[in-house]
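> Numbering (the working numbering), first residue to last: 831 to 1057. The C-beta atom is built at its ideal place from N, Cα and C for all residues, glycine as well. None of these values were measured; they are calculated from a predicted model. After the structure tokens below, expect a handful of questions from me.
Written out as structure tokens, the structure reads:
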């Protein structure tokens, strides 16, 4: 009987351990495990409509595109100006070619009249304005003085009351013969060729040929005619 009671006691203890509930798994979870902090989104109420999507805003034009347009218009303006200038230059050149500027230059030679028209000791100024020449009858010779100052090329004037040629620019002075005596001029006036025309006996003056005193050319027969 003692053996039978011990077996019953072991069987009761085994049943008691089986009938106990297992411990909660939360007590056996690792220490570093944490529940999620994110809330669960609520479900939309029945019959609610989703919000309409907003249209995308228009994108501004790229900066490069604006710069390109401005550059194009600037280039076009410059090209147009250049084209206009080129056309104007061509028209001007054609005008100068078709209608060239003609400068009036007095002839180098002219007839001055009969030798008797030039009295002794007189400086004739009738041909200065048109031909730039004085015709002088002095010391038995008639000669033609060119009215250009030998200093800087200014036109002198004949001062009859002072009996001399005077340059108003720098004060050069010349005797009736053309010899210089005052002012900065370095040499006398020049003489032009003068002769009697074989056709009508008139005096002919030719400025294309000149004679200089310092070169001894005033003694050339073509630089004067006997009075």
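Note down, one range per segment and in chain order, each beta strand (DSSP E) of at least 3 residues found wholly within the stretch 964-994.
Within the stretch 964-994, the complete beta strand (DSSP E) runs of at least 3 residues are 971-976, 987-989.
> Using 10 angstroms around the beta-carbon of residue 946, count the other beta-carbons present and answer buried if the total reaches 16, otherwise exposed.
So residue 946 ends up on the exposed side.
> State the Cα-Cα distance for the pair residue 1043 and residue 1010, rounded to the nearest angstrom.
The alpha-carbon atoms of residue 1043 and residue 1010 are separated by roughly 11 Å.
> Within its chain, find whatever has a CB closer than 7 Å to the CB of residue 993; leave out the 5 residues flanking it on each side and keep chain order.
Same-chain partners within the cutoff: 1006.
> Taking the C-alpha atoms as reference points, what is the distance between residue 1000 and residue 990?
Approximately 19 Å between the Cα atoms of the pair.
> Give the secondary structure of residue 852 by DSSP, where H, G and I count as helix, E and B as strand, and everything else as coil.
Note on residue 852: pLDDT 47, under 50, position unreliable in the model; the coordinate value appears next. Three-state DSSP puts residue 852 in coil, outside helix and strand.
> Anyone know if the C-beta pair for residue 1033 and residue 1052 falls short of 9 Å?
No, these two residues do not count as a Cβ contact at 9 Å.
> Measure the alpha-carbon distance for residue 1037 versus residue 908 and round it to whole angstroms.
In a straight line, the C-alpha of residue 1037 is about 54 Å away from that of residue 908.
> Contact check, residue 995 vs residue 1003 under 8 Å by CB: the rounded distance?
The pair is a contact, with the Cβ atoms about 7 Å apart (cut-off 8 Å).
> Does residue 939 come out as helix, strand or coil in the three-state DSSP assignment?
In this structure, residue 939 counts as strand in the three-state DSSP scheme.
> Please classify residue 972: is it buried, with 16 or more other beta-carbons within 10 angstroms of its beta-carbon, or exposed?
That one is buried.
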